[in-house]
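Okay, so here's the structure we're looking at.
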Amino acid sequence: MQKEMLQKRRQAQLKAKRLRSTLIIGGVVLLVGSFIGLVTWNYFKPLAGEEVPHLEDATAHVPEGSDPGPYSSSPPTSGRHYGVPLSSGFYEEDDPKVQLPYPEGYLLHNLEHGYIIFWYNCAVLDQSSCTELKTQISTLIDDLKEIKVIGFPWKDMDTPLAISSWGQIQRLDDFDETAARAFVRTNRNQAPEPNTP
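Counting the sequence shown from 1 gives a position; the working numbering is that position plus 5.
The structure is reproduced here in structure tokens:
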């Protein structure tokens, strides 16, 4: 009788040990599978905005000061550019960097590094709406201080606002913080050189 109880106890312990091993192995497999799924999803997930075709030499560097164009969109989302980026932050219309002959040459280098650019056009807005739009963009940029983001004036577009990443653009008639944050979250660092500052 005691021998039978001892044998049943050992069988129960073995069964518990097998169950524990199965649960541990299953948990590890689930964890690894989830990680692989997440990495795969992040690689293949659709980007926000409209895709803009790349020109053949989209990542080529040209001499600073030369005309880096042409581009397949305005504002541009990819294309030939200078080897020097601009600093992140918000640029006013009177900023010396805005007055450069081809500021897009610098900004495309930023996009190549995974930046998001908020291009704004106050020429299609009244003064009050322009001030409000610039405040909304600069406030969001300040809030996203750890993310590579630029606000830059661009008169060569029909809408007051366009948000771009490398090869993607979203045009907006009004500032939409939810859409802007979604674009940043989805498209940031989706570029040829995303880990470059």
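Ideal Cβ placement from N, Cα and C applies to all residues, glycine included.
The structure displayed is predicted, hence computed values, not measured ones.
(request) Along the alpha helix (DSSP H) that carries residue 166, what are the first and last residues, could you check? (result) Along the sequence shown, one-based indexing puts residue 166 at 161. No alpha helix (DSSP H) contains residue 166, which is instead part of the beta strand (DSSP E) from 166-170.
(request) Give a yes or no on whether the C-beta atoms belonging to residue 172 and residue 67 are separated by under 8 angstroms. (result) Position 167 of the sequence shown, counting from 1, holds the residue named residue 172. Position 62 of the sequence shown, counting from 1, holds the residue named residue 67. The Cβ atoms of residue 172 and residue 67 lie no closer than 8 angstroms to each other.
(request) Could you spell out where the alpha helix (DSSP H) holding residue 91 opens and where it closes? (result) In the sequence shown, counting from the first residue as 1, residue 91 sits at position 86. Unbroken run through residue 91: none, as it is neither H nor E.
(request) Look at the alpha carbon of residue 32 and the alpha carbon of residue 185, and state the distance between them as a whole number of angstroms. (result) On the sequence shown, position 27 is the one that residue 32 refers to. On the sequence shown, position 180 is the one that residue 185 refers to. When the Cα atoms are used, residue 32 and residue 185 turn out to be separated by approximately 37 angstroms.
(message) Taking the straight line between their C-alpha atoms, what separation do you get for residue 81 and residue 27?
(response) For the purposes of this step, residue 81 is identified with residue 76 of the sequence shown, where counting begins at 1. For the purposes of this step, residue 27 is identified with residue 22 of the sequence shown, where counting begins at 1. The straight-line gap from Cα to Cα measures roughly 54 angstroms.
(request) Take the Cβ of residue 200 as the centre, count every other Cβ of all protein chains shown within 10 Å, and call the residue buried at 16 or more, exposed below. (result) Counting from 1 along the sequence shown, the entry for residue 200 is found at position 195. When all chains shown are included, residue 200 counts as exposed.
(message) Strictly by DSSP, which residues pair up with residue 180?
(response) As a working mapping, residue 180 is identified with position 175 in the sequence shown. Residue pairing from DSSP leaves residue 180 without any beta-bridge partner.
(message) If I measure Cβ to Cβ from residue 143 and keep anything under 8 angstroms in the same chain, skipping five residues before and after, which residues do I get?
(response) Reading the sequence shown from its first residue, position 138 is the one you call residue 143. For residue 143, same chain residues with a beta-carbon under 8 angstroms away, outside a window of 5 residues either side, are 95, 156 in chain order.
(message) I believe residue 193 touches residue 153 by the beta-carbon criterion, under 8 angstroms. Please report the beta-carbon distance rounded to the nearest angstrom.
(response) For the purposes of this step, residue 193 is taken as residue 188 along the sequence shown, with counting starting at 1. For the purposes of this step, residue 153 is taken as residue 148 along the sequence shown, with counting starting at 1. Going by Cβ atoms, the distance from residue 193 to residue 153 rounds to 7 angstroms, so yes, they are a contact pair.
(message) By DSSP's criteria, residue 123 is part of a beta bridge. Which residues make up the other side?
(response) Position 118 of the sequence shown, counted from the first residue, corresponds to residue 123. 156, 168.
(message) I'd like to know if the region 60-74 and the region 100-111 are in contact, where contact means that at least 3 CB-CB pairs between them fall below 8 angstroms.
(response) Pairwise C-beta distances place the region 60-74 in contact with the region 100-111, as three or more of them are shorter than 8 angstroms.
(request) Going by CA-CA distance only, name the one from 25, 53, 160 that's closest to residue 128. (result) Counting from 1 along the sequence shown, the entry for residue 128 is found at position 123. The option with the nearest alpha carbon to residue 128 is 160.
(message) Please classify residue 175 as buried or exposed, where buried requires at least 16 neighbouring CB atoms within 10 angstroms.
(response) Taking the first residue of the sequence shown as 1, we reach residue 175 at position 170. Buried.
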